[in-house]
Every structure is written in C-alpha cells, then in structure tokens.
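Engineer: In the working numbering, the protein residues as written are 134 to 691.
The following block contains the structure:
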C-alpha cells in the first residue's frame, strides 16, 4: 500500500482538524495569565546567609535587598509631618464631613497652633489627645507637631488613669461628651490646677459649670479663633528625628507601654503604606480611603497621613471611636463597615479594615450570589482563574452573578472599591479564597503592631496562592500568611529551635523588628529610651518564616 493511501482525507476530517486546532489556540490565547510571575512569589524575602544561635536569619523585602537602603520618605522634600500636606493639591477633598483643600487645612493648622502658644503652651509642654477620629484631631496633631510640642495618645480608654498618674500632661484636648469622666480622674489625682483642658464641641452645662471652678477650661473653637487674630506665631522647623508624639498601648502581657514616634517614623510609614497596592494603579487624589484603625494608634495615624499626602478623601469607621458617651456595643462587621455613609463622603475606593469586616462582607456577598442558578458554574470558573494566579472584576461571571451580589451588599462601593488591606487580627486561611472571589480586587493581608507605623508584613496584592495546612496541629495551621516584610523594615525570630532548623523545618520564634518605621520604646519607670535607636525591638508575637519568604504571625499566650 502506497504512503499516499494513508494521507487520503475527506472534508469531515479537515473540518474536525480545523476545529481542534481552533479550540487549542483559543484555549491558550484566552487562558488567563498569572498577574505575578511565580518566581517573585517563590522568593518574597531576602534572607541573610548567616544567623546567630537561637535566632533565625534576618529577613528583608526582596525588592529592598539585604544591602539596599530603606526608603524613609515618599518624596525628597517631605521631611516632617507637616510636609505631608502638599500645598500644590489645592482641590478640595472631604475629610470625614468637612470639605477642605490643603491650603485651607494649612491655614487652620497655623491658626490653631498660634492659639495654643497664646494659651501658654511651649515646647516643654505635652498635650494628651482624648479625641475621637475627626478633622479636629488632625488639625491639633499637625499644629502641635509644627511647634515641636509632644502629644500623647491612648490606644484604649482603660489606659487613661495610669497615664494621668505616671505621665501627667500639661494640657488635655478632649471631646465634650467624654469630659465628665475625665474630670473625675483629674480631681482624684489632685492635679486640677496643673491642667489646661481644651474641649471640642459644646460640653453640658453642669460639667462646664463644675469644671470652670477648678480647672482652666477653654473651647477648641476659641483657641482657633484666637489664633486667627493678629500675626501668626512661627517657631523653628522640627528635625525629622524629633519625637512628636508618644503612643501608649498594652503589650501582650497587659503591661503599659509607650512608643515614641518621630517625624521620620511617620514619613517612612507613609512610604511603606503607599507601596502596599499595585504600582500600576497607585493611590491618587481620585481615591477615597476608609480606615478601621484609630488615629490614636501608630498605624491608624499613618493611614490618615497617607490619605493627606495623596490628596484623597478620608474617613474612619464608627468602631474607631475610643471615647464614647454611652455604653452601647461597639459595631462590627457590615454595620461598622457602612458607617462612613453618615458622612458626605465620596464612595470609598480603598479599604483598610479588620478581619471581622471581611468576614461579614464576603459572607453577605456569597449569600446573595447563591440566589443565582449560575452560581456553581461562576464559582468554579472564578476559582479556576485564581488557581492560575488571575483575578478580575470584569469577567462574564462577574457580570452575570457577582456584580449584582456586590451591589446588594456594598451599594455604590461595589463599583468603586479597588483595593483592600486587612490587618489588626490574624485572618483565617479559609477566608482567603472566598474573599478573592467575592471581592476580586487586589487583596493585602498585613500584620501591624502598636510600636510600628507601617505594617511589619504585607502580602503581595496579587498573591493568589493557596496552601494546604501543615500537618501536626501547629498554632498557625488555620491562619493566612501575611507576606514578607514591607519595604523599610527587617525582621528576625528569636528563640528558634536550632535542631529543628537543621532538619529543614521552618524557623518559629518571637518576632523582633528594626527599621525607620519602628518607634522607640519608652520605659514607663525611667521615661528614657531603653536602648539606642538601632536596637532590635521585640513585638511579643510568635511567627513562622516560611520557605517562600512569607510569614505567619500569632499572639503568644499571656
């Protein structure tokens, strides 16, 4: 039989061959490509080649490198806190309920700062801020920083009494509703004659009458009005290394701690926060940032100043209110997430939230998506894309199923949200895939600490990997990883098992950090820094350094 007899074809054979070739080409052409090269996700940290006994090697962000210099400011001209308010951004944006431009904000800061100096405050004074998140908090913070007057903040109202006893302030700036509670503590401390109390809002008549007999009480608005009269007072510019605030918090053992934060700590923190989202679509003045982190904390303040620097609109959630008049429950989940709607704020685009918010949000989106008979097919196709390292809000399955579900839960935010950063508590690993499918936006899992102005760790916004939980029932088995160190911090683990590492196990130990985003620990007894600026600081948290350079972190048992 001749060879040509084997090559005889009919029209059906040719048609089937063309169809097979077309399907093959279409599958490869339209197959989603990974948003990040797998090599980048396989080596997320630069790891030191040597380590000390009982310690892990030093880890840095792979983009920074072991020999790279840490970035400490978002732009060359940004040296201090006040430089983050850029005068070239003259378009108004909304901060909570106030529409204001940067020149107007600078003018109000200058007026309030002058009013403070005329009220008798000097650089030797210190001011305790008992304010809920608001534009008055920002103006007060910037005004104090511009005249090198240190401020105190509390991460919890329960710290008020020990702080008043051990670190009595020169002045207190307070929300009117919280004034009666503080007056009792001031009277008990027998320090009433040494305090100037500046009240934001209108205090109740009885509290005002009581206070005026024993302490110097002035209204916040009167201080600003006084500063507007006559010539404004200026003082020498602050140095980037000057301490502008002391943030009080409780450590993992419940002990009072204080973090001294310099201007450079905040500018470095802003630099790190700006690098959390994809560089291809950075933050801009068109964004609206909503945060679940109080301005009385180091990270919460950094998020707010990042919004100021970028010219975005900004607000915080209701749960950030530390100083409440009533004893009502603290809102969580969806009710808290939608609390910024009470402000005349543009629809949010970037969320800095906690795991409880993500849990409520994703659960509601999934529940509404299940109402569609196409949900099982849509879920499988979205999951297949994630397994390939690809995610988008513009797919056919989003238009048919998930867009409607998001709109029912998030309203206008369904179309505007373009980035989510979740931190505050450990995120469960089984929430990762539903979050990536339900939200389909860059999703960052971060780990924060009260001593550090930026996240210590943050996952890549396009890291869509999933891992099987390790065998052996480890403490972190059900936790999501929090990525590598951010761009301007280095980490190591102390108290690791050398024998286990020699066998190839992941290092597990107490997390220590160092870098320009790490504040100084102020020892309560001596009120001086415990060590020099370049020391390693312990976070008190346990962590695991994984093979790909990402970390898992959880709290040590008290």
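Where a beta carbon is used, it is the ideal one built from N, C-alpha and C, also for glycine.
Predicted model, so just to flag it, every value in this text is computed and none were measured.
Is residue 216 near residue 281, with beta carbons less than 8 Å apart?
Structural biologist: Counting from 1 along the chain shown, the entry for residue 216 is found at position 83. Counting from 1 along the chain shown, the entry for residue 281 is found at position 148. Result no, Cβ atoms of residue 216 and residue 281 do not sit closer than 8 Å.
Engineer: Taking one C-beta from the stretch 434-448 and one from the stretch 396-403 each time, how about it: are there three or more such pairs within less than 8 Å?
Structural biologist: Yes: at least three Cβ pairs fall under 8 Å.
Engineer: Whole angstroms are fine: how far does the CA of residue 309 sit from the CA of residue 316?
Structural biologist: As a position in the chain shown, residue 316 is number 183, starting the count at 1. As a position in the chain shown, residue 309 is number 176, starting the count at 1. Their Cα atoms are separated by approximately 11 Å.
Engineer: Is the beta carbon of residue 597 sitting closer than 8 Å to the one on residue 678?
Structural biologist: In the chain shown, residue 597 corresponds to position 464, counting from 1. In the chain shown, residue 678 corresponds to position 545, counting from 1. For residue 597 and residue 678, no; Cβs fall outside 8 Å.
Engineer: To test your reading of the DSSP string, which unbroken alpha helix (DSSP H) runs of 4 or more residues are found completely within the stretch 351-393?
Structural biologist: Listed in chain order, the complete alpha helix (DSSP H) runs (minimum 4 residues) inside the stretch 351-393 are 353-361.
Engineer: What span of residues does the alpha helix (DSSP H) with residue 532 cover, start to end?
Structural biologist: In the chain shown, residue 532 corresponds to position 399, counting from 1. No alpha helix (DSSP H) holds residue 532; DSSP gives it neither H nor E.
Engineer: Taking the beta carbon of residue 590 as the centre, do at least 16 other beta carbons fall within 10 Å, making it buried, or is it exposed?
Structural biologist: Translated into positions along the chain shown, residue 590 becomes position 457. Flag for residue 590 reads buried.
Engineer: What first and last residue would you give for the alpha helix (DSSP H) that runs through residue 466?
Structural biologist: Along the chain shown, one-based indexing puts residue 466 at 333. Segment 466-470, the alpha helix (DSSP H) holding residue 466.
Engineer: Taking Cβ positions, are residue 231 and residue 478 nearer each other than 8 Å?
Structural biologist: In the chain shown, residue 231 corresponds to position 98, counting from 1. In the chain shown, residue 478 corresponds to position 345, counting from 1. Taking 8 Å as the Cβ cut-off, residue 231 and residue 478 do not qualify as a contacting pair.
Engineer: Are the stretch 283-290 and the stretch 232-246 touching by the rule of at least three beta carbon pairs closer than 8 Å?
Structural biologist: Not touching, per the Cβ criterion.
Engineer: Residue 649 and residue 619: beta carbons closer than 8 Å?
Structural biologist: As a working mapping, residue 649 is identified with position 516 in the chain shown. As a working mapping, residue 619 is identified with position 486 in the chain shown. The answer is no: Cβ separation not under 8 Å.
Engineer: Quick check on DSSP: helix, strand or coil for residue 427?
Structural biologist: On the chain shown, residue 427 is found 294 positions in, with the first residue counted as 1. Residue 427 falls in the coil class under three-state DSSP.
Engineer: When you compare the CB positions of residue 174 and residue 593, do they come within less than 8 Å of one another, or not?
Structural biologist: For the purposes of this step, residue 174 is taken as residue 41 along the chain shown, with counting starting at 1. For the purposes of this step, residue 593 is taken as residue 460 along the chain shown, with counting starting at 1. Closer than 8 Å, so yes.
Engineer: Could you check which residue in 631, 566, 389 has the C-alpha nearest to that of residue 575?
Structural biologist: Counted from its first residue, the chain shown places residue 575 at position 442. Taking only the C-alpha atoms, the option nearest residue 575 is 566.
Engineer: Since I believe residue 378 is in contact with residue 283 (beta carbons under 8 Å), could you give me their beta-carbon distance rounded to a whole number of angstroms?
Structural biologist: Position 150 of the chain shown, counting from 1, holds the residue named residue 283. Position 245 of the chain shown, counting from 1, holds the residue named residue 378. Sure, about 6 Å apart at Cβ, within 8 Å.
Engineer: Given that a residue counts as buried once 16 or more other Cβ atoms are within 10 Å of its Cβ, and exposed if not, what is residue 416?
Structural biologist: Walking along the chain shown from the start, residue 416 turns up at place 283. Residue 416 is buried by the Cβ-count criterion.
Engineer: If you reduce the DSSP assignment to three classes, tell me which class residue 348 lands in.
Structural biologist: Here residue 348 refers to the residue found at position 215 when the chain shown is read from its first residue. Residue state, collapsed to three classes: coil.
Engineer: If I measure Cβ to Cβ from residue 568 and keep anything under 7 Å in the same chain, skipping five residues before and after, which residues do I get?
Structural biologist: By 1-based counting over the chain shown, the position of residue 568 is 435. Closer than 7 Å at the Cβ level, and outside the excluded window around residue 568, lie 491, 495, 576.
Engineer: If you run the structure through DSSP and keep just helix, strand and coil, what is residue 298?
Structural biologist: As a first step, residue 298 must be located in the chain shown, where it is residue number 165. The answer is helix: DSSP assigns residue 298 an H, G or I state.
Engineer: What three-state label does DSSP hand residue 232 in the structure shown?
Structural biologist: For this step, residue 232 is matched to residue 99 along the chain shown. If DSSP states are grouped into helix, strand and coil, residue 232 belongs with the strands.
Engineer: For residue 543, count neighbouring C-beta atoms within 10 Å of its own C-beta (all shown protein chains included) and say buried if the count is 16 or more, exposed if not.
Structural biologist: Stepping through the chain shown from its first residue, residue 543 is reached at position 410. With 16 or more other Cβ atoms within 10 Å, it is buried.
Engineer: Kindly indicate if chain B contains any beta-carbon less than 8 Å away from that of residue 184.
Structural biologist: No chain B appears in the structure shown, which is made up of a single protein chain.
Engineer: Would residue 413 and residue 394 be called neighbours here (beta carbons separated by less than 8 Å)?
Structural biologist: In the chain shown, counting from the first residue as 1, residue 413 sits at position 280. In the chain shown, counting from the first residue as 1, residue 394 sits at position 261. Going by C-beta atoms, residue 413 is not nearer than 8 Å to residue 394.
Engineer: Let me know if residue 237 comes out buried or exposed under the rule of 16 or more other beta-carbons within 10 Å of its beta-carbon.
Structural biologist: Here residue 237 refers to the residue found at position 104 when the chain shown is read from its first residue. That one is exposed.
Engineer: What does DSSP give as the partner residue(s) for residue 285 in the beta ladder?
Structural biologist: Here the question's residue 285 lines up with position 152 in the chain shown. 261, 379.
Engineer: Do you know how far the Cα of residue 150 is from the Cα of residue 578?
Structural biologist: As a working mapping, residue 578 is identified with position 445 in the chain shown. As a working mapping, residue 150 is identified with position 17 in the chain shown. Going from the Cα of residue 578 to the Cα of residue 150 covers about 47 Å.
Engineer: Tell me the rounded alpha-carbon separation between residue 691 and residue 672.
Structural biologist: In the chain shown, the residue the question calls residue 691 occupies position 558. In the chain shown, the residue the question calls residue 672 occupies position 539. Interpretation of residue 691 is limited by its pLDDT of 43, a score under 50 that renders its predicted location unreliable; the figure taken from the coordinates is listed afterwards. If you take the alpha carbons of residue 691 and residue 672, they lie about 13 Å apart.
Engineer: Measuring only from the beta carbon, is residue 450 closer than 7 Å to any heavy atom that is part of the ligand PLP?
Structural biologist: The model on display carries no ligand, and the ligand PLP is accordingly not part of it.
Engineer: Whose CA, out of 686, 572, 557, 563, lies closest to the CA of residue 624?
Structural biologist: Taking the first residue of the chain shown as 1, we reach residue 624 at position 491. Ranking 686, 572, 557, 563 by Cα distance to residue 624 puts 686 first.
Engineer: Does the stretch 246-261 come into contact with the stretch 292-305, if we say contact requires no fewer than three beta-carbon pairs (one atom in each stretch) closer than 8 Å?
Structural biologist: At 8 Å Cβ cutoff, the stretches touch.
Engineer: One question on the structure: do residue 554 and residue 450 come within less than 8 Å of each other, judged by their Cβ atoms?
Structural biologist: Residue numbering aside, residue 554 sits at position 421 when the chain shown is read from its first letter. Residue numbering aside, residue 450 sits at position 317 when the chain shown is read from its first letter. Cβ atoms of residue 554 and residue 450: not closer than 8 Å.
Engineer: Quick check on DSSP: helix, strand or coil for residue 680?
Structural biologist: Taking the chain shown and counting its residues from 1, one reaches residue 680 at position 547. Note: residue 680 maps to coil in three-state DSSP.
Engineer: Consult DSSP for residue 694 and reduce its assignment to one of helix, strand or coil.
Structural biologist: Here the chain comprises residues numbered 134 to 691, so residue 694 is not present and cannot be evaluated.
Engineer: DSSP puts residue 649 in a beta bridge; with which residues?
Structural biologist: On the chain shown, position 516 is the one that residue 649 refers to. Answer is none; residue 649 lacks a bridge partner.
Engineer: Do you know offhand how far residue 384's Cα is from residue 221's?
Structural biologist: Taking the chain shown and counting its residues from 1, the one referred to as residue 384 is at position 251. Taking the chain shown and counting its residues from 1, the one referred to as residue 221 is at position 88. For residue 384 and residue 221, the distance between alpha carbons rounds to 41 Å.
Engineer: Comparing C-alpha positions only, which one of 179, 209, 210 sits nearest to residue 201?
Structural biologist: Within the chain shown, residue 201 is the residue found at index 68, counting from 1. Here the closest residue by C-alpha is 179.
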